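Notes follow the structure.
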Amino acid sequence: MLELKFIGLVEILLDGRPIRFARRSSVALLAYLALSNRPHSRESLATLLAGDSTEEHARKHLSNVLVDLRQQLGDYVQATRQTVVFAHDKCHRLDVGDFRHELARALDSGSSDDLAHALESYRDEFLSGLVLFGAPDLDEWMRAVREELREQYLLGLRSAVDASMRRGAWSDGITAARRLLREEPWLEEVHAQLMLMLARAGQRQAALDQYEACRRALREELAVDPQPETTALFNRLRAAVQRPPHNLPARTTAFIGRQFELGLVSNLLSNTDCRQATITGLGGSGKSRLAVEVGRELAVADQHMAEQPFPDGVLFVSLAELAARSDASGSTHQRSIEAIFAAIARTLELPPSTALTSRDQVLEYVHSKQMLLILDNLEHLLAGRAAVADLLSHAPHVKVVATSRAPLHISAERVLPMDGLKLPADEDELESAAASALFLAEARRVELGYQVSREDRPALVELCRVLGGLPLALILAARWAPVLSCRQMLGELSSGFEMLATDELDLPERQRSLACVLESTLEGLQSSDRALTRELALQPDSGGARHRGAPLDYLARARSLREQALVSFDSARGSLQLHPLLRRYVVPETCSRRTPGRGDAIGMVVASIA
Numbered sequence: 004m005l006e007l008k009f010i011g012l013v014e015i016l017l018d019g020r021p022i023r024f025a026r027r028s029s030v031a032l033l034a035y036l037a038l039s040n041r042p043h044s045r046e047s048l049a050t051l052l053a054g055d056s057t058e059e060h061a062r063k064h065l066s067n068v069l070v071d072l073r074q075q076l077g078d079y080v081q082a083t084r085q086t087v088v089f090a091h092d093k094c095h096r097l098d099v100g101d102f103r104h105e106l107a108r109a110l111d112s113g114s115s116d117d118l119a120h121a122l123e124s125y126r127d128e129f130l131s132g133l134v135l136f137g138a139p140d141l142d143e144w145m146r147a148v149r150e151e152l153r154e155q156y157l158l159g160l161r162s163a164v165d166a167s168m169r170r171g172a173w174s175d176g177i178t179a180a181r182r183l184l185r186e187e188p189w190l191e192e193v194h195a196q197l198m199l200m201l202a203r204a205g206q207r208q209a210a211l212d213q214y215e216a217c218r219r220a221l222r223e224e225l226a227v228d229p230q231p232e233t234t235a236l237f238n239r240l241r242a243a244v245q246r247p248p249h250n251l252p253a254r255t256t257a258f259i260g261r262q263f264e265l266g267l268v269s270n271l272l273s274n275t276d277c278r279q280a281t282i283t284g285l286g287g288s289g290k291s292r293l294a295v296e297v298g299r300e301l302a303v304a305d306q307h308m309a310e311q312p313f314p315d316g317v318l319f320v321s322l323a324e325l326a327a328r329s330d331a332s333g334s335t336h337q338r339s340i341e342a343i344f345a346a347i348a349r350t351l352e353l354p355p356s357t358a359l360t361s362r363d364q365v366l367e368y369v370h371s372k373q374m375l376l377i378l379d380n381l382e383h384l385l386a387g388r389a390a391v392a393d394l395l396s397h398a399p400h401v402k403v404v405a406t407s408r409a410p411l412h413i414s415a416e417r418v419l420p421m422d423g424l425k426l427p428a429d430e431d432e433l434e435s436a437a438a439s440a441l442f443l444a445e446a447r448r449v450e451l452g453y454q455v456s457r458e459d460r461p462a463l464v465e466l467c468r469v470l471g472g473l474p475l476a477l478i479l480a481a482r483w484a485p486v487l488s489c490r491q492m493l494g495e496l497s498s499g500f501e502m503l504a505t506d507e508l509d510l511p512e513r514q515r516s517l518a519c520v521l522e523s524t525l526e527g528l529q530s531s532d533r534a535l536t537r538e539l540a541l542q543p544d545s546g547g548a549r550h551r552g553a554p555l556d557y558l559a560r561a562r563s564l565r566e567q568a569l570v571s572f573d574s575a576r577g578s579l580q581l582h583p584l585l586r587r588y589v590v591p592e593t594c595s596r597r598t599p600g601r602g603d604a605i606g607m608v609v610a611s612i613a
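Under my numbering, the residue at position 533 of the sequence shown is numbered 536, and the numbers go up by one with no gaps.
Structure (structure tokens):
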């Protein structure tokens, strides 16, 4: 097999053996014949090789070149008295043909892998280093092929840069952009793309340095300065380097089982015009943790992007202590609003002011900011709705994530009720289902090497179901793993929730007892919602309240409970199920038997309130 490598330094192999020719013109003529799909007359080839030489000298020179080719390649070069042709029907491989074909296919298919493979075969210019003397026509042909292949190569590099930008493949894009700029250093658009990709790959200083390289190249090549858009990009990157990204609490445990919700809220806030999201749910459902991870996701994206969603930062504001004080003191509505803004001002480290209220101070500060505020534990603050509405109306580029047991019910709000973690369907899913995975992770934290026995695995599946996939309940139960089997835990839970409590300080005080969490949840409900909660608790395990011409008031109460993730909706059956832990807490004596009553009669749910 003959291998012809003409892109870059010439390499010719026959059955794996390197071929060396006596004349440079032999290489050039071989390339000319191989890239042509037709016979050529001896007269035209003689003129091509010899230029303005005499006819006799031209014929003799051609004969010498053909002898050189035939001696090395045999009948790969076929010559008669009139014509010369390359034997394309014989086994051979031509890198120029491969490059053209592979690049065309990659550009047509859009395959990044195919494009990268095609570009790798372009090692340098066509017939690199080959210089001919006295053959101007052949030399002109070589220059034309060089330029054609180079243009195809540059087109491929541009496509690779654009594709990498779309896919977020920063490393591939950076490599392609640098190769392109080596060929054409005056391409300002590519300099800007390279700055973006370096920034998104976390190489901020390299991105800033690239701007200086762009400025020098434009001055040297075109005697111009960068466009205002490129300079503005540089200024944004420079400001981002100098800014701390966030004040989020450090992560101490793995984030398990909320990846879908994380992506949902993060994309909602970064890629749409959504201004405010509220994460609702039962205490201990992981609302605060999800909000922090959303902030972390967007802060990290902020570091890696030049067009940041929140160039002025991500701010986490804890309102847990404020909520407790507000409940205890019975603060007025206006005082509660001011207290919320005071907490935000402290987190922003704004200096105390005697001339302005905390509300006015915060609104003045954030008015022109483009930032994300995370207001954690807004659930007990009746003034929270007014405070968030104030922020959104006075700061058009600020977005807010709130965690609360109930929605704020403002026009800009999007609500995400937090149901339980995914339950294991059977023993085979114990390591993969989020609920059991969290239990096992916590059990292995309190006792390294913890394993569930084969006999106890069905009990763990049931335990996750009984606890409704509630993260706090799973964590509190797992802390008994060193001394109780899952079967024993189920036995303890059949008589109450006393075991689901802890004195450990790594949990917020409000979450150290599941009974306290459930009690405060019920206390926070309106009386009509509490009544509906009890009615749902009276339904059998396999049932749930179904619609039988339910009054609108009942439907509104059912919707309110769904917004707080206290019930789940079965669209196939058109029924609501109360959270299993809340059901056990509300009517513990009905956990295993049905209590007759109004359950069937009131029919409080329809499919339309999912």
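Idealized CB from N, CA, C, for every residue including glycine. These numbers were taken from a predicted model, which means no experiment stands behind them.
Taken in chain order, the complete alpha helix (DSSP H) segments of 4 residues or longer contained in the region 218–291 are 231–244, 262–274. Counting of Cβ neighbours within 10 angstroms places residue 379 among the buried residues, the total reaching 16 or more. Non-local beta-carbon contacts of residue 474 in its own chain, meaning distances under 7 Å to residues more than five positions away in sequence, involve 287, 288, 289, 424, 441 in chain order. Contact between the region 256–270 and the region 359–376 is not established, with fewer than three Cβ pairs separated by less than 8 Å. A direct Cα-Cα distance of roughly 36 Å separates residue 94 from residue 176.
Going by C-alpha positions, residue 27 is about 18 Å away from residue 87. Contact between residue 10 and residue 126 is confirmed by a C-beta separation of about 6 Å, below the 8 Å threshold.
Annotation for residue 396: the continuous alpha helix (DSSP H) segment containing it runs 387–397.
Under the DSSP definition of a beta bridge, residue 81 partners with 88. About 12 Å separates the CB atoms of residue 209 and residue 199; that is not less than 8 Å, and the two are not in contact. Just so you know, the alpha carbons of residue 235 and residue 397 end up roughly 26 Å apart. DSSP, reduced to helix, strand and coil, places residue 416 within a strand of the structure shown.
A direct Cα-to-Cα measurement between residue 13 and residue 265 gives close to 54 Å. Take residue 493, set aside five residues on each side of it, and the residues of its chain with a beta-carbon closer than 8 Å to its own are 462, 465, 466, 469, in chain order. Put simply, the region 102–117 does not touch the region 55–72. Fewer than three CB pairs are less than 8 Å apart. Under the rule that a run must span 4 or more residues, the alpha helix (DSSP H) segments found entirely inside the region 431–476 read 437–449, 460–469. If you draw a straight line from the Cα of residue 348 to the Cα of residue 314, it is about 19 Å long. The criterion of a C-beta distance shorter than 7 Å is not satisfied by residue 386 and residue 361. Assigned with DSSP and collapsed to three states, residue 196 falls in helix. Residue 415 holds the alpha-carbon nearest to the alpha-carbon of residue 280 among 578, 496, 415, 559. Taking a cut-off of 8 Å on C-beta distances, the region 157–167 does not touch the region 45–57, as fewer than three cross pairs fall below it. Annotated three-state conformation of residue 178 is helix, per DSSP. Within the same chain, Cβ atoms closer than 6 Å to the Cβ of residue 25 are found at 71, the five residues on either side in sequence being excluded. Here residue 139 is exposed. Its C-beta has fewer than 16 other C-beta atoms within 10 Å. DSSP places residue 582 outside both helix and strand once states are collapsed to three, so it counts as coil. The beta-carbon distance between residue 197 and residue 155, rounded to whole angstroms, is 21 Å. This is too long to meet the 8 Å contact definition.
At a Cβ-Cβ threshold of 7 Å, residue 578 and residue 532 do not count as neighbours. Residue 102 is not bridged by DSSP to any residue. In the DSSP annotation of this structure, residue 408 is not part of any alpha helix (DSSP H), being labelled neither H nor E.
In this structure residue 471 is in contact with residue 583, their Cβ atoms being roughly 4 Å apart against a cut-off of 8 Å. When DSSP reads this structure, residue 8 sits in a beta bridge with 14. Each residue's CA atom was taken as its position, placing residue 446 and residue 213 some 50 Å apart.
Collapsing the DSSP output to three states places residue 355 in coil. Per the coordinates, the alpha-carbon of residue 497 lies some 11 Å from the alpha-carbon of residue 490.
As the crow flies, the alpha-carbon of residue 506 is around 33 Å from that of residue 403. For residue 95, the enclosing beta strand (DSSP E) stretches over residues 95–97.
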